[in-house]
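**Q** Below are the structure tokens for one structure; questions will follow.
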Amino acid sequence: MLRQFYPIKLYILHLPNLIMGILSLLLNASVWVWLLWNIRPQDESIFLHYNILFGVDYIGEWGQMFSLPLIGIIIFIVNAFLGWILFRKTHFAAYLLLAMSVLCQIFLCIAASLLVFLNV
């Protein structure tokens, strides 16, 4: 017997899913804007990672800084998809996945702000 998925429109419009999804997307968009606004395209290498023990330990090209928000959007898409699949069986798993997505976006905002302050 083929199981049907929960209707995607109902999943998205369910209030906790809607709030956490919008919050996650807004945080990810803020990372994109923060990086684009503060770090301009340049030919020189930029600092991409700082370690408290060794100092700057990863230097790369300007475009590599966009790996942070790209990872964030991938995390959101994967968690939202898995939450949609699990939503018919248990709402709690979907809430947990979307909450973890928001938490990851918060940590990526912190990492992006550190990246900006390291290069400005």
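Using our numbering, you'd call the opening residue of the sequence shown number 95 and step up by one each time.
Beta carbons: idealized from backbone N, C-alpha and C, even for Gly.
Apply the 10 Å Cβ neighbour rule to Y152 and answer buried if 16 or more other Cβ atoms are within range, or exposed otherwise.
**A** Classification for Y152: exposed.
**Q** Looking at the secondary structure, which residues open and close the beta strand (DSSP E) in which H185 lies?
**A** Taken as a continuous stretch (DSSP letters only), H185 belongs to no beta strand (DSSP E), being part of the alpha helix (DSSP H) at 185-213.
**Q** Please report the Cβ distance between L191 and N173, rounded to the nearest whole angstrom; I am assuming they are in contact, meaning their Cβ atoms lie under 8 Å.
**A** Going by Cβ atoms, the distance from L191 to N173 rounds to 4 Å, so yes, they are a contact pair.
**Q** Between V196 and L129, which are expected to be in contact by the criterion C-beta below 8 Å, what is the C-beta distance as a whole number of angstroms?
**A** Their Cβ separation, rounded to whole angstroms, is 19 Å, which puts V196 and L129 out of contact at 8 Å.
**Q** With respect to 7 Å, is the separation between the Cβ of A205 and the closest non-hydrogen atom of the ligand GDP below this value?
**A** For the ligand GDP, the structure offers nothing, since it holds no ligand at all.
**Q** Can you name the start and end residues of the alpha helix (DSSP H) that L121 belongs to?
**A** From DSSP, the alpha helix (DSSP H) with L121 extends over 109-132.
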